[in-house]
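Visitor: Starting off with a structure, shown below.
Rendered as structure tokens:
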């Protein structure tokens, strides 16, 4: 396996560092889309199991991770900016599959609604189009703490809420990450929080009817913030949508332990690995009713270890 790192130049003078994990030349490729406060480092476990069958592309947005050193400080990205970046990466690298987590799901769905030609299937993990009371409370408090510069308390909040099912080592990494957050990146995070609070699902849900590829939504059954119940509303908007609920799993899915990683591995490889050549005419003839599915427990012993 080789890792190719390159700087991808965007029309607005921003730059994105892209990592291509080449396990075998000629394989189909999966592009990974991370959420708020996350970088490509959080995909270590995901890349490992996807590498059993696919090559993998991941990237950091201009303000985050390995990309921020290549960009001027102070540029704030809107959600539409994120969509455009993702579309350009898809157009250039032509991945067949997409896997997003958390708020990366919104940019991913909006990009898929523009029907990028190469994408056949997508998994959207830990996403909900609606801000429930638990998410509003978390995001509102996070905004207050970040605006006050109380990053230690913001890290504690993260670990006590959406991250409460993470292992201790990842909670420690959350502390280290947030307490050392540079001012310019903190401004982007605060701006991101404001965008979340201003989010109104009715302004974009109708666009999702344009999605042509297969989409599977995966949520943890312990996730109180993007719930397995709320996501099923997407069946009204996304044709051919499927749903799965991961047992004993919270918001951070495969990051939460070996059993959770094994579950996600089996589900994603299974979904990407069958019926890959899509017959568009047959898909259009199918009923729009969604298929509900719940995971069975997996006994596979998958090594766990990655960080935020």
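In my numbering, the protein residues as written are -5 to 302. C-beta: ideal position from N, C-alpha, C; glycine also. Note that this is a predicted model, so its numbers are computed, not measured.
Assign residue 54 to buried or exposed, taking buried as 16 or more other Cβ atoms, counted over all protein chains shown, within 10 Å of its Cβ.
Guide: Residue 54 comes out buried.
Visitor: Closer than 6 Å by C-beta to residue 181: which residues in its own chain qualify, once you throw out the five before and the five after it? Chain order, please.
Guide: none
Visitor: In whole angstroms, what is the alpha-carbon distance linking residue 212 and residue 151?
Guide: 24 Å
Visitor: Count Cβ pairs between the region 244 to 253 and the region 113 to 132 that sit closer than 8 Å; are there 3 or more?
Guide: yes
Visitor: By DSSP, does residue 93 sit in helix, in strand, or in coil?
Guide: strand
Visitor: Go to residue 134, then tell me how far its alpha helix (DSSP H) extends in each direction, as first and last residue.
Guide: 127 to 141
Visitor: Got a sec, what are the start and stop residues for the alpha helix (DSSP H) residue 83 sits in?
Guide: In the DSSP annotation of this structure, the continuous segment of the alpha helix (DSSP H) that includes residue 83 starts and ends at 73 to 87.
Visitor: Buried or exposed for residue 154, going by 16 or more other Cβ atoms inside 10 Å?
Guide: By the neighbour-count rule (16 or more Cβ atoms within 10 Å), residue 154 is not buried but exposed.
Visitor: Taking 8 Å as the cut-off, does the region 85 to 98 touch the region 11 to 26 (at least 3 CB pairs, one atom from each stretch)?
Guide: yes
Visitor: May I have a chain-ordered list of the beta strand (DSSP E) segments no shorter than 3 residues that lie completely inside the region 171 to 215?
Guide: 208 to 214
Visitor: Reducing DSSP to helix, strand and coil, say where residue 113 ends up.
Guide: Note: residue 113 maps to coil in three-state DSSP.
Visitor: Classify residue 157 as buried or exposed, calling it buried when 16 or more other Cβ atoms lie within 10 Å of its own Cβ.
Guide: Counting other Cβ atoms within 10 Å of its Cβ, residue 157 reaches 16 or more and is therefore classed as buried.
Visitor: Rounded to whole angstroms, what is the Cα-Cα separation between residue 191 and residue 130?
Guide: 7 Å
Visitor: Residue 254 bridges to which residues according to DSSP?
Guide: Paired residue(s): none; residue 254 is not in a bridge.
Visitor: Residue 40 by DSSP, collapsed to three states: which one?
Guide: DSSP, read as helix, strand or coil, puts residue 40 in helix.
Visitor: What number of angstroms, rounded off, separates the C-alpha of residue 18 from the C-alpha of residue 139?
Guide: 45 Å
Visitor: Taking the CB atoms as reference points, tell me whether residue 1 and residue 86 lie closer together than 7 Å.
Guide: no
Visitor: Start and end of the alpha helix (DSSP H) containing residue 63?
Guide: Where residue 63 is concerned, there is no enclosing alpha helix (DSSP H), given that its DSSP letter is neither H nor E.
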